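What follows is a set of notes on a single structure, which appears directly below.
Chains as they are written, first to last, in this note's numbering: chain A, 92 to 367; chain B, 480 to 969.
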């Protein structure tokens with residue numbers, strides 16, 4: 092086992108002040124677990140990807156969009172060190188006003204479809220991709236109502252999805268796409284705009300955030316770090332608050348399979364943009 | 480990665496195999512379905528599966544997201560029952576006649592989503608109900624774990640008391656003490672975690688709450704054997720200073736009685752302020768694990784507020800305002816300076832309020848009108864409880880710690896040292912009491928009045944000694960403490 096006294100560095104995007112609370116607590120945890128870890132915060136995922144590729148940080152806490160962008164720039168497989176339970180089997184849902192749900196997404200042709208930030212995998216890129224697979228070229232056939240708020244944060248803040256839900260509720264759009272976990276959280280919070288809406292469609296599942304390292308990261312160190320991550324226990328009171336703020340009940344090992352659709356979607360988007 | 484427990488695939492997909500069935504009928508998330516789901520999942524072990532069957536496609540489509548946020552795995556929604564050619568509408572409306580247009584095809588028949596219960600409980604439980612932040616206790620004991628002695632707190636989901644009947648006294652009265660004594664509620668802790676939170680008696684505190692700091696967190700600091708019963712009594716004996724005093728009888732009194740009543744009432748009300756502020760200052764220091772003590776102190780404060788009210792009202796009915804005397808204030812100020820609960824119990828409850836018992840009895844006996852007599856009588860009833868608590872608490876403190884006696888004497892000495900300017904009862908008060916007892920300025924009556932006041936001070940001293948002995952002091956110490964007691968009476 093390689094011994095290292097300096098901390099391993101994790102980069103994360105500061106999309107909310109709570110990120111500091113979370114990482115201060117995680118930092119203490121990793122130190123107690125014998126895998127000293129420090130963190131650096133970035134204002135957006137593009138900067139974080141730069142930092143991982145440049146070796147400024149060894150691990151990036153990436154969205155799925157950031158992970159795909161990183162691997163595409165890297166040109167080979169990066170190493171996935173772990174993900175939240177909520178990141179596994181993530182899905183996008185499309186909501187409509189109650190009673191206006193559709194049986195086939197192609198019924199949305201000619202209607203207004205609200206999307207979240209264009210750099211959000213779950214609220215913009217993947218819904219367009221999966222609707223396309225089901226026969227709807229939404230970019231061409233629908234009037235897209237985009238809410239490009241907090242660009243660079245890849246939808247982390249939830250702000251654009253809130254606007255999607257409000258737009259559908261208030262009649263500014265006929266349907267709107269957002270993450271299924273975001274929708275569930277809006278529901279649980281009793282957000283009034285959700286009351287008159289229903290879920291009409293659900294995408295195939297995919298994976299969301301993950302901890303990504305370059306392939307050159309010392310394998311033994313990577314394994315020790317992942318083992319410490321997976322050993323986090325939400326029943327440990329000081330960790331519980333931080334884990335709840337991070338939206339994780341338990342950490343899972345990473346899994347590449349859940350990103351195939353996003354790779355395909357990003358490549359297709361790139362081709363489409365090149366063609367125009 | 481080895482040693483990480485369940486793999487990612489495990490969290491993604493429930494497996495084939497056995498599953499319970501939960502019929503959600505037409506319930507929706509946000510409309511009661513989550514209550515049904517949580518109740519079902521609470522009764523399941525981690526890894527157990529349930530097929531949630533719903534009549535709504537929309538509900539089926541959003542169930543997986545809900546489940547994941549709650550830490551459970553969910554499979555894809557699937558249609559389990561397609562509508563027949565006939566009876567489709569009946570199936571979709573639970574057999575009732577549809578009140579509106581028939582539901583769309585997608586909401587006919589049934590949909591199912593398989594959930595697998597994730598690990599962990601929704602709410603964590605502290606190992607010690609009175610200490611939610613003990614650093615060496617990271618999690619509640621799992622079933623089968625050795626438990627710390629005396630702790631009986633298993634994990635949250637299985638926590639049950641079983642069917643209980645309240646231990647009622649005659650007339651259906653439910654006393655907290657009976658609940659404790661019957662072993663149905665935790666015993667009074669000798670020491671409660673100083674930083675614990677606001678957990679009601681018998682509740683399961685969730686760890687991770689913000690830390691408090693309770694100065695009075697040890698039983699010996701504030702307890703009296705009968706505090707629970709005294710608190711019950713206080714509740715039962717509440718009275719109303721507005722309605723329970725025959726105010727119509729407080730007719731205009733001739734001078735000098737009017738002036739005497741004004742001064743005596745003002746003096747008593749002034750002292751009652753101190754009797755209010757002393758327990759009120761301790762109230763927010765008392766650990767929530769001692770609800771009986773809190774109830775007692777809250778009642779004490781309420782009693783004193785009522786005493787301020789009733790004696791102020793009587794003074795307001797006099798033509799001449801009484802004087803709020805500076806010497807009285809000096810004495811009371813030293814009482815408010817006392818920061819130790821037991822010292823304060825001696826100085827306020829045993830010595831101050833004890834002496835006031837005799838004063839109130841004197842006022843009642845010599846009151847020139849029924850309203851004044853009633854005010855003194857009703858206040859006396861409350862003060863008796865307060866004195867009883869003080870005697871009981873100090874006796875317990877002395878029995879538990881022989882060194883406590885010296886600390887109590889020192890507290891009395893320190894207070895007396897601050898009151899060297901006070902040489903005796905205020906002449907204004909002495910005159911007021913004398914006129915009250917005399918009823919007029921006739922020399923013969925005044926002579927009797929003065930004798931009555933001399934008798935009062937003798938009675939006060941005699942009873943003070945008796946109470947100090949009852950509180951556990953030896954004769955010499957009782958004599959010393961009585962001598963140190965303020966000439967202001969409180």
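Note that beta-carbon positions come from the ideal geometry of N, C-alpha and C, so glycine has one too.
Computed from a prediction, not measured in an experiment: that's the story for all the values here.
Residue pairing by DSSP places residue 706 of chain B opposite no residue, since no beta bridge is assigned to it.
Proximity to residue 786 of chain B across B:723, B:904, B:817 peaks at B:723, based on C-alpha coordinates. Beta-bridge annotation (DSSP): residue 653 of chain B is paired with B:647. Residues of chain A with a Cβ closer than 9 Å to the Cβ of residue 556 of chain B are, in chain order, 293.
Annotated as proximal: residue 884 of chain B and residue 956 of chain B, with beta-carbon spacing under 8 Å. Counting along the chain, residue 166 of chain A sits inside no alpha helix (DSSP H), nor does DSSP assign it H or E at all.
The residue among B:697, B:507, B:790, B:833 with its C-alpha nearest the C-alpha of residue 853 of chain B is B:790.
According to the DSSP secondary-structure assignment, residue 153 of chain A is paired through a beta bridge with A:301.
Taking all protein chains in view, the Cβ of residue 745 of chain B is crowded by 16 or more other Cβ atoms within 10 Å, so the residue is classified as buried.
Residues of chain A with a Cβ closer than 8 Å to the Cβ of residue 584 of chain B are, in chain order, 194. Residue 104 of chain A is not a Cβ neighbour of residue 540 of chain B, given a cutoff of 8 Å. Counting along the chain, residue 805 of chain B sits inside the alpha helix (DSSP H) bounded by residues 805-815. DSSP places residue 693 of chain B in the coil class of the three-state scheme, outside both helix and strand. Remark: C-beta atoms of residue 255 of chain A and residue 268 of chain A approach each other more closely than 8 Å. Residue 537 of chain B reaches chain A at 192, 289, 290, 291, counting residues in chain order whose Cβ is nearer than 8 Å. With a cutoff of 8 Å on beta-carbon distance, residue 878 of chain B and residue 951 of chain B are scored as near each other.
Between the beta-carbon of residue 655 of chain B and that of residue 770 of chain B there is about 7 Å, and that keeps the pair under the 8 Å contact cut. In this structure, DSSP gives residue 530 of chain B an extended state, which the three-state scheme calls strand.
Collapsing the DSSP output to three states places residue 339 of chain A in coil. At least one beta carbon of chain B lies nearer than 8 Å to the beta carbon of residue 332 of chain A. Taken in chain order, the complete beta strand (DSSP E) segments of 3 residues or longer contained in the region 180-215 of chain A are 183-188, 203-206. DSSP assignment within the region 251-283 of chain A yields the following whole beta strand (DSSP E) runs of 3 residues or more, N-terminal first: 266-270. Using a CB distance cut-off of 8 Å, residue 184 of chain A counts as an interface residue toward chain B.
Counting other Cβ atoms within 10 Å of its Cβ, residue 251 of chain A reaches 16 or more and is therefore classed as buried.
Chain-ordered listing is empty here: chain A has no CB closer than 8 Å to the CB of residue 684 of chain B, the nearest sitting near 11 Å.
In the structure shown, residue 968 of chain B falls within a coil segment according to DSSP collapsed to helix, strand and coil. For residue 558 of chain B, the enclosing beta strand (DSSP E) begins and ends at 557-560. A Cβ-Cβ separation of about 5 Å places residue 773 of chain B in contact with residue 765 of chain B under the 8 Å criterion. DSSP places residue 95 of chain A in the coil class of the three-state scheme, outside both helix and strand. Look at residue 544 of chain B: its C-beta is under 8 Å from a C-beta on chain A. Between residue 303 of chain A and residue 158 of chain A, the CB-CB gap stays under 8 Å. Closest option to residue 98 of chain A, judged by alpha-carbon separation, among A:153, A:113, A:322, A:122: A:122. Counting the other Cβ atoms within 10 Å of the Cβ of residue 721 of chain B gives fewer than 16, which makes it exposed.
In this structure residue 914 of chain B does not touch residue 796 of chain B by the C-beta definition: roughly 17 Å separates them, more than the 8 Å allowed. Among the CB atoms of chain B, one or more fall inside 8 Å of the CB of residue 176 of chain A.
The residue among A:203, A:185, A:108, A:201 with its C-alpha nearest the C-alpha of residue 273 of chain A is A:185.
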